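Asker:
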Amino acid sequence: MASVSPVNGINEPTNEARTLPRRFAVSSNASSLQNLSQRFKISALKVFYGAKQVLQGIDLDIPANVVTAVIGPSGCGKSTLLRTLNRMHETIRHARMEGTILLDGEDILGLDVVRLRRRVGMVFQRPNPFPKSIFENVAYGLRINGYSGKLSESVEHSLRRAALWDEVKDQLHKSAYALSGGQQQRLCIARALAVDPEVLLLDEPCSALDPVTTAKIEELLFQLKPTCTIVIVTHNMQQAARTSDFSAFLLEGRLVEYQPTAKLFTNPSDPRTEAYITGRFG
Amino acid sequence: MSLRMAWRKSINIVMLSLTGACTLLAVSVLFFILGYLVWHGGKDVNWNFFVKLPAPVGESGGGMANAIVGSAKLLLLAMLLGVPVGVLTGIYLAEFGGRTFGFLVRYTADLLNGVPSIVIGIFAYAVVVIPMHHFSTLAGGFALGVMTIPITVRSTEEFLRAVPNHLREAALALGASKWKAILTVVLPAASAGILTGIMLALARVAGETAPLIFTAFGNPFWSSGWNEPIASLPVMIYNYALGAYADWHEQAWAAGLVLLAFVLLVNITTRLILSRKISVSR
Numbered sequence: 052m053a054s055v056s057p058v059n060g061i062n063e064p065t066n067e068a069r070t071l072p073r074r075f076a077v078s079s080n081a082s083s084l085q086n087l088s089q090r091f092k093i094s095a096l097k098v099f100y101g102a103k104q105v106l107q108g109i110d111l112d113i114p115a116n117v118v119t120a121v122i123g124p125s126g127c128g129k130s131t132l133l134r135t136l137n138r139m140h141e142t143i144r145h146a147r148m149e150g151t152i153l154l155d156g157e158d159i160l161g162l163d164v165v166r167l168r169r170r171v172g173m174v175f176q177r178p179n180p181f182p183k184s185i186f187e188n189v190a191y192g193l194r195i196n197g198y199s200g201k202l203s204e205s206v207e208h209s210l211r212r213a214a215l216w217d218e219v220k221d222q223l224h225k226s227a228y229a230l231s232g233g234q235q236q237r238l239c240i241a242r243a244l245a246v247d248p249e250v251l252l253l254d255e256p257c258s259a260l261d262p263v264t265t266a267k268i269e270e271l272l273f274q275l276k277p278t279c280t281i282v283i284v285t286h287n288m289q290q291a292a293r294t295s296d297f298s299a300f301l302l303e304g305r306l307v308e309y310q311p312t313a314k315l316f317t318n319p320s321d322p323r324t325e326a327y328i329t330g331r332f333g
Numbered sequence: 005m006s007l008r009m010a011w012r013k014s015i016n017i018v019m020l021s022l023t024g025a026c027t028l029l030a031v032s033v034l035f036f037i038l039g040y041l042v043w044h045g046g047k048d049v050n051w052n053f054f055v056k057l058p059a060p061v062g063e064s065g066g067g068m069a070n071a072i073v074g075s076a077k078l079l080l081l082a083m084l085l086g087v088p089v090g091v092l093t094g095i096y097l098a099e100f101g102g103r104t105f106g107f108l109v110r111y112t113a114d115l116l117n118g119v120p121s122i123v124i125g126i127f128a129y130a131v132v133v134i135p136m137h138h139f140s141t142l143a144g145g146f147a148l149g150v151m152t153i154p155i156t157v158r159s160t161e162e163f164l165r166a167v168p169n170h171l172r173e174a175a176l177a178l179g180a181s182k183w184k185a186i187l188t189v190v191l192p193a194a195s196a197g198i199l200t201g202i203m204l205a206l207a208r209v210a211g212e213t214a215p216l217i218f219t220a221f222g223n224p225f226w227s228s229g230w231n232e233p234i235a236s237l238p239v240m241i242y243n244y245a246l247g248a249y250a251d252w253h254e255q256a257w258a259a260g261l262v263l264l265a266f267v268l269l270v271n272i273t274t275r276l277i278l279s280r281k282i283s284v285s286r
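Protein chains in written order, with this note's numbering: chain A, 52 to 333; chain C, 5 to 286.
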């Protein structure tokens with residue numbers, strides 16, 4: 052497997068890494084988890100929906116300013132894990148968590164949930180723009196948080212970060228529904244970025260999108276990496292391999308393996324991981 | 005065998021014609037009423053009808069300006085009472101209500117909707133007219149307002165439930181509190197529907213006579229304030245239709261035509277609003 056280029060810390064994507072036709076093109080290889088500063092420290096995380104236990108005790112550290120992918124078959128709890136990181140699981144009736152999640156050393160259960168969700172933004176599986184104008188969609192998070200600066204500058208900045216500005220700058224006051232699916236998803240990313248989160252959680256952000264649009268969003272993740280910690284849940288293993296620095300493999304609510312992506316996809320240490328990434332189940 | 009076949013065929017034809025004839029009858033009732041009203045009342049719907057007070061007995065001419073204004077004032081009061089209570093209860097049911105309590109509230113609203121209007125009238129008489137010792141606009145508005153509550157509750161709830169959940173999630177994930185998400189995203193998305201629900205509720209009570217007879221009572225002159233008895237189109241129709249004079253009957257038909265035109269107009273407007281809204285949000 053070519054182009055596994057060990058670079059220290061944050062990795063710049065090389066063109067080569069993304070154009071080579073391979074089963075798993077690996078974007079980068081942060082060589083070790085220990086050398087990086089940790090954004091999230093998850094320990095003994097258990098989540099229940101009513102009587103059903105979805106996460107069976109997860110210990111996972113998510114490093115700052117890299118992309119971490121969470122993979123695993125349907126129903127393994129990867130979306131649930133993602134949702135607990137900004138306490139969105141609390142919007143589900145009868146959901147309850149045990150264990151601790153530290154964000155920059157602070158217990159997220161001790162944080163004000165509004166503050167937490169400002170710091171940890173989320174992008175969902177299906178593009179879900181508000182039935183408002185493009186401008187108002189991006190400005191929403193700023194407005195509800197009582198932003199005092201210039202809205203239009205901030206909206207432009209966020210749209211640029213989401214690589215959408217050039218496509219929408221002349222139609223900011225049109226309905227967000229007039230955009231294509233991929234543009235809507237980038238709008239949702241811009242909307243999440245507008246409040247300047249430290250972390251961006253993406254829950255299968257490309258599963259409803261075509262390959263060209265998917266490539267645009269993956270490109271975007273590379274560009275966001277220096278300023279934002281990214282956690283992406285994906286069904287698509289090529290996508291995990293292309294976009295992430297670290298990968299966590301979940302199975303039936305347990306963390307099976309957590310490695311630098313290059314290692315997990317080329318030389319997994321657990322036979323179940325190997326079985327999953329080679330398509331023997333899931 | 006062929007006899008049986010012929011019998012079956014003839015039964016088929018008879019039933020088909022019967023259902024068709026009944027359908028025709030059902031839809032023609034409205035046109036029949038409309039035609040009848042235009043025939044009898046059309047010539048009296050003139051400028052005077054809208055700007056003049058009823059003529060004294062024995063004089064011809066005159067209008068129902070006081071009843072038109074009266075109906076408008078009563079509907080305004082009904083709206084002031086019914087809209088906040090109905091919409092807020094609808095929000096509670098759709099967004100907060102638990103299963104059992106929500107079911108009870110919903111069921112109660114449906115029962116209230118089924119309470120005969122004359123009973124609502126007696127209720128308003130007992131709680132407003134008797135303590136005040138006289139008939140009044142307030143009492144009439146109260147009776148009509150009570151009648152709009154269940155309709156507004158149920159329509160608000162239905163339209164809020166139709167707002168997709170991913171919009172709520174998007175707002176919550178941006179750090180909106182639940183109430184803020186409802187106020188800034190869910191309610192605007194459902195606003196056209198809620199508005200039409202309110203309009204339909206008003207159209208429904210605009211023609212109510214029974215609750216007004218012993219609350220707002222009626223008034224041949226301008227009502228001087230909210231504390232005075234007041235004329236309204238339905239009560240005017242009731243009084244004039246029972247009167248002994250031919251030109252009173254004509255006036256009653258004219259009032260009926262105006263009232264029906266108002267109700268039809270409201271219904272058509274709501275249809276237009278809803279169809280426009282649907283085409284915008286796909």
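Backbone N, C-alpha and C fix where the C-beta goes; we use that ideal spot for every residue, glycine too. Small disclaimer: the values here were computed from a predicted structure and weren't measured.
Closest to V171/A by CA distance: which of L253/A, A213/A and E270/A is it?
Answerer: Counted from its first residue, the first sequence places residue 171/A at position 120. Checked all of L253/A, A213/A and E270/A; the closest Cα to V171/A is L253/A.
Asker: Scan the stretch 151-180 of chain A and note each continuous beta strand (DSSP E) run of 3 residues or more that stays entirely inside, going in chain order.
Answerer: 171-174
Asker: Applying the 10 Å Cβ sphere with the 16-neighbour rule, what's the burial state of V262/C?
Answerer: Within the second sequence, residue 262/C is the residue found at index 258, counting from 1. When all chains shown are included, V262/C counts as buried.
Asker: I need the straight-line Cα distance from R242/A to A205/C, nearest angstrom please.
Answerer: On the first sequence, position 191 is the one that residue 242/A refers to. On the second sequence, position 201 is the one that residue 205/C refers to. When rounded, the distance between both Cα atoms is 38 Å.
Asker: Select from A292/A, L315/A, I185/A and P124/A the residue whose C-alpha is nearest the C-alpha of D217/A.
Answerer: The residue labelled residue 217/A in the question sits at position 166 within the first sequence. Of the candidates A292/A, L315/A, I185/A and P124/A, the one whose C-alpha sits nearest the C-alpha of D217/A is I185/A.
Asker: Taking C-alpha atoms, which residue in L264/C, T152/C, R275/C and L278/C lies nearest to L38/C?
Answerer: By 1-based counting over the second sequence, the position of residue 38/C is 34. If we check each option's Cα against that of L38/C, L264/C comes out closest.
Asker: What number of angstroms, rounded off, separates the C-alpha of A326/A from the C-alpha of L133/A?
Answerer: Here residue 326/A refers to the residue found at position 275 when the first sequence is read from its first residue. Here residue 133/A refers to the residue found at position 82 when the first sequence is read from its first residue. For A326/A and L133/A, the distance between alpha carbons rounds to 24 Å.
Asker: Tell me which residues share the same chain as I122/C and place their Cβ nearer than 6 Å to its Cβ, disregarding the 5 neighbours each side in the sequence.
Answerer: Here residue 122/C is taken as the residue at index 118 of the second sequence, counted from 1. Result list for I122/C: A214, in chain order.
Asker: State yes or no: is the C-beta of I124/C within less than 8 Å of the C-beta of A143/C?
Answerer: For this step, residue 124/C is matched to residue 120 along the second sequence. For this step, residue 143/C is matched to residue 139 along the second sequence. No, the pair does not count as a contact, with Cβ atoms beyond the cut-off.
Asker: Using a C-beta cutoff of 8 Å, does V189/C count as contacting chain A?
Answerer: By 1-based counting over the second sequence, the position of residue 189/C is 185. Chain A contact via Cβ: present.
Asker: What residues of chain C sit near V117/A, judged by a beta carbon separation below 9 Å?
Answerer: As a working mapping, residue 117/A is identified with position 66 in the first sequence. In chain order: nothing, as chain C lies at least about 22 Å away.
Asker: Express the C-alpha separation of F107/C and A146/A in angstroms, rounding to a whole number.
Answerer: By one-based count along the first sequence, residue 146/A stands at place 95. By one-based count along the second sequence, residue 107/C stands at place 103. Taking the straight line joining both Cα atoms gives about 23 Å.
Asker: Which value, in whole angstroms, describes the spacing of the CA atoms of L278/C and A196/C?
Answerer: Start at 1 with the first residue of the second sequence, and residue 278/C comes out as number 274. Start at 1 with the first residue of the second sequence, and residue 196/C comes out as number 192. It is roughly 7 Å from the alpha-carbon of L278/C to the alpha-carbon of A196/C.
Asker: Please give me, in chain order, every unbroken run of the alpha helix (DSSP H) with length at least 4 that falls completely inside the stretch 67-152 of chain C.
Answerer: 69-95, 103-118 and 121-128
Asker: Per the contact definition of three or more C-beta pairs closer than 8 Å, is the stretch 98-108 of chain A in contact with the stretch 284-291 of chain A?
Answerer: no
Asker: Name the DSSP bridge partner or partners of P311/A?
Answerer: Counting from 1 along the first sequence, the entry for residue 311/A is found at position 260. For P311/A, which the question treats as bridged, DSSP gives the partners F297/A.
Asker: Is the beta carbon of G128/A sitting closer than 8 Å to the one on G330/A?
Answerer: Locating residue 128/A in the first sequence gives position 77, counting from the first residue. Locating residue 330/A in the first sequence gives position 279, counting from the first residue. Not a contact, by the Cβ cut-off of 8 Å.
Asker: Using a Cβ-Cβ distance cut-off of 8 Å, determine whether Y198/A contacts chain C.
Answerer: In the first sequence, counting from the first residue as 1, residue 198/A sits at position 147. Among the residues facing chain C, Y198/A is not included, as its CB has no counterpart in that chain under 8 Å away.
Asker: Below 8 Å on the Cβ atoms is my contact criterion, and I expect R293/A with I268/A to pass it. Report the Cβ-Cβ distance as a whole number of Å.
Answerer: As a working note, residue 293/A is residue 242 in the first sequence. As a working note, residue 268/A is residue 217 in the first sequence. Actually they do not touch by this definition, with Cβ atoms about 11 Å apart.
Asker: On a CA-only basis, which of Y191/A, T151/A, A115/A and R177/A is nearest L176/C? Give me that one, please.
Answerer: Working through the second sequence from its first residue, we reach residue 176/C at position 172. Closest by alpha carbon: Y191/A.
Asker: Any idea if A81/A is buried or exposed, counting beta-carbon neighbours within 10 angstroms, 16 or more meaning buried?
Answerer: By 1-based counting over the first sequence, the position of residue 81/A is 30. Here the model assigns A81/A a pLDDT of 48, short of 50, so the residue's position is not dependable, and the following value carries that caveat. That one is buried.
Asker: Can you tell me whether E63/C is helix, strand or coil according to DSSP?
Answerer: The sequence position of residue 63/C within the second sequence is 59, counting from 1. The answer is coil: DSSP assigns E63/C none of H, G, I, E or B.
Asker: If we ignore side chains and look at the alpha-carbon of each, how far apart do T93/C and V157/C end up?
Answerer: Counting from 1 along the second sequence, the entry for residue 93/C is found at position 89. Counting from 1 along the second sequence, the entry for residue 157/C is found at position 153. So the two alpha carbons sit approximately 6 Å from each other.
Asker: On the three-pair Cβ rule with 8 Å, is the stretch 246-256 of chain C touching the stretch 179-187 of chain C?
Answerer: no
Asker: Just how far apart, CA to CA, sit P319/A and E308/A?
Answerer: Walking along the first sequence from the start, residue 319/A turns up at place 268. Walking along the first sequence from the start, residue 308/A turns up at place 257. About 8 Å.
Asker: Of all Cβ atoms in chain C, is any one closer than 8 Å to the Cβ of Y100/A?
Answerer: Residue mapping note: residue 100/A aligns to position 49 of the first sequence, counting from 1. Answer no: the Cβ-Cβ gap between Y100/A and chain C never drops below 8 Å.
Asker: Note down the Cα distance separating P192/C from R168/A, rounded to an integer number of angstroms.
Answerer: Within the second sequence, the letter at position 188 stands for residue 192/C. Within the first sequence, the letter at position 117 stands for residue 168/A. Distance between the alpha carbons of P192/C and R168/A: 23 Å.
Asker: Is the beta carbon of G145/C less than 8 Å from the beta carbon of L78/C?
Answerer: Stepping through the second sequence from its first residue, residue 145/C is reached at position 141. Stepping through the second sequence from its first residue, residue 78/C is reached at position 74. Yes.
Asker: Taking 8 Å as the threshold (C-beta atoms), are T135/A and L96/A in contact?
Answerer: For the purposes of this step, residue 96/A is taken as the residue at position 45 of the first sequence. For the purposes of this step, residue 135/A is taken as the residue at position 84 of the first sequence. The answer is yes: Cβ separation under 8 Å.
Asker: Tell me where the alpha helix (DSSP H) around L111/A begins and ends.
Answerer: Residue numbering aside, residue 111/A sits at position 60 when the first sequence is read from its first letter. That residue, L111/A, is in no alpha helix (DSSP H); its beta strand (DSSP E) goes K103 to P114.
Asker: F287/C and V133/C: beta carbons closer than 8 Å?
Answerer: There is no way to answer for residue 287/C, as the model of chain C reaches only from 5 to 286.
Asker: Under 8 Å between beta-carbons, which chain A residues line up against L171/C? List them in chain order, please.
Answerer: Residue numbering aside, residue 171/C sits at position 167 when the second sequence is read from its first letter. The contacting residues are N179, F181 and P182.
Asker: Where does I15/C land, buried or exposed, given buried means 16+ other C-beta within 10 angstroms?
Answerer: Indexing the second sequence from 1 puts residue 15/C at position 11. It is exposed - the Cβ of I15/C has fewer than 16 other Cβ atoms within 10 Å.
Asker: Pull up the distance between the alpha-carbon of Y96/C and that of N117/C, whole angstroms please.
Answerer: Looking up residue 96/C in the second sequence gives position 92. Looking up residue 117/C in the second sequence gives position 113. If I take the Cα positions, the gap works out to 18 Å.
Asker: Output needed for K92/A: all residues of its chain with C-beta closer than 6 Å, excluding positions within five of it in sequence on either side, in chain order.
Answerer: Looking up residue 92/A in the first sequence gives position 41. Within its own chain, the residues whose Cβ lies closer than 6 Å to the Cβ of K92/A, once the five positions on either side in sequence are excluded, are D112 and L153, listed in chain order.
Asker: Compare the C-beta of R286/C with all C-beta atoms of chain A and state if any pair is closer than 8 Å.
Answerer: The residue labelled residue 286/C in the question sits at position 282 within the second sequence. Residue placement at R286/C is poorly supported in this model, since its pLDDT is 38, which falls under 50; the coordinates are not used for a value here.
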